[in-house]
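Below you'll find the structure, written out as structure tokens, and then a few comments.
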Amino acid sequence: MFLNTDFLKSDEIALILEKTAPADPAKDRVPAYHFAICDLAGVKMGVCDLRIGHNEKLYYGGNIGYRVEPSYRGHHYAAKACRLLFELARRHDLGYVIITCNPDNLPSRRTCELLGGQLLEIAALPEDNDMRIESGETEKCIFQFEV
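Heads up: the sequence shown begins at 87 in the working numbering, then just goes up one per residue.
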């Protein structure tokens, strides 16, 4: 199921696989890759992940998640990591991926726009959604990217 990820690098960054997580159908979880976003010297600048599959939970939570450490922000590392993850998604024949963010998270929204995502909607999270229950989040911007 999991593919070799050694190709996930550019002239600026490399995604270093930290772990994989198997599917957990009982919790509607699909298989996932978890990466460190590193510069070419191996310095960890953030993290990202790719979840392989599509379901209602991923519509609101997204196939791709990312976080760049504050001291490395402003260099589009999240967008650069997503472009690499798009290639991995293509190799898994996903067809499209979803990236979501909170409506007030302007840097993440700009990342999705920079990547050419289509804003499908600003959706209210279902009452039983984990993000609503655990974090009190109420809405997500839902961006779709053809891969």
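All residues carry an ideal CB built from backbone N, CA and C; glycine is no exception.
Whole-angstrom distance between Gly-147 and Asp-114, CA atom to CA atom
12 Å
Can you check DSSP and say which residues form a bridge with Ile-138?
Answer by DSSP bridge pairing: none, since Ile-138 is not bridged.
Within a Cβ cutoff of 7 Å, which residues of the same chain sit near Pro-108, ignoring the five residues on either side of it in sequence?
Pro-117
Flag this pair as touching only if the region 153-162 and the region 203-217 have three or more C-beta atom pairs under 8 Å; answer yes or no.
no
Go to Asp-216, then tell me how far its alpha helix (DSSP H) extends in each direction, as first and last residue.
216-221
Which same chain residues end up closer than 6 Å to Ile-138 when comparing Cβ atoms and leaving out the 5 residues on each side of it in sequence?
Val-116, Pro-117 and His-178
Thr-106 to Asp-190, Cα distance in whole Å?
30 Å
Under 6 Å Cβ to Cβ from Gly-202, same chain only, skipping five residues before and after it: list those, please.
none
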